[in-house]
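Working notes, structure below.
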Amino acid sequence: MNRDKIHDNDLLDYYGELLTQRQNEILGLYLEEDMTMAEIAERSKVSKTAVADMINRAYKQLDLYEEKLKLVELAHKRSYLIEKIKEKIDDPEIVRYIDRLEDLK
2 MNRDKIHDND LLDYYGELLT QRQNEILGLY LEEDMTMAEI AERSKVSKTA VADMINRAYK
62 QLDLYEEKLK LVELAHKRSY LIEKIKEKID DPEIVRYIDR LEDLK
């Protein structure tokens, strides 16, 4: 499994609540706690294969949500554009407004 963990964490942040509670929990341990599948299996008292299957199903769901909604892609584009705007503005008050706008998710 060769995935980008930063992107996967973003997907989990945006869409994790749409997964089952168990998928969200397992994928959280895998991505956020950086646990191995073997460690998660031992902790969850299931097989490593069961953990791998759950992670793969969760990834498929997250990828499907992103394919349809594009929230992570849009957030990255928005952040990039906001940074470019901030580079061009000298007025601290406008920069504060832009920062507040950027904090809205």
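In this note's numbering, the protein residues as written are 2 to 106. Ideal placement from N, C-alpha and C gives every residue a C-beta, glycine not left out. Just so you know, these numbers come straight off a predicted model, no measurement behind them.
With distances taken between CA atoms, N3 lies nearest to N57 out of Y16, K49, I27 and N57. Taking N10 as reference, the option from L105, D64 and I83 with the minimal CA-CA separation is D64. Taking the C-beta atoms as reference points, Y98 is found no nearer than 8 Å to Y66.
When C-beta atoms of the region 30-49 are compared with those of the region 77-91, fewer than three pairs fall below 8 Å, so the two segments do not count as touching.
For E26 and M38, the gap between their C-alpha atoms comes out near 13 Å.
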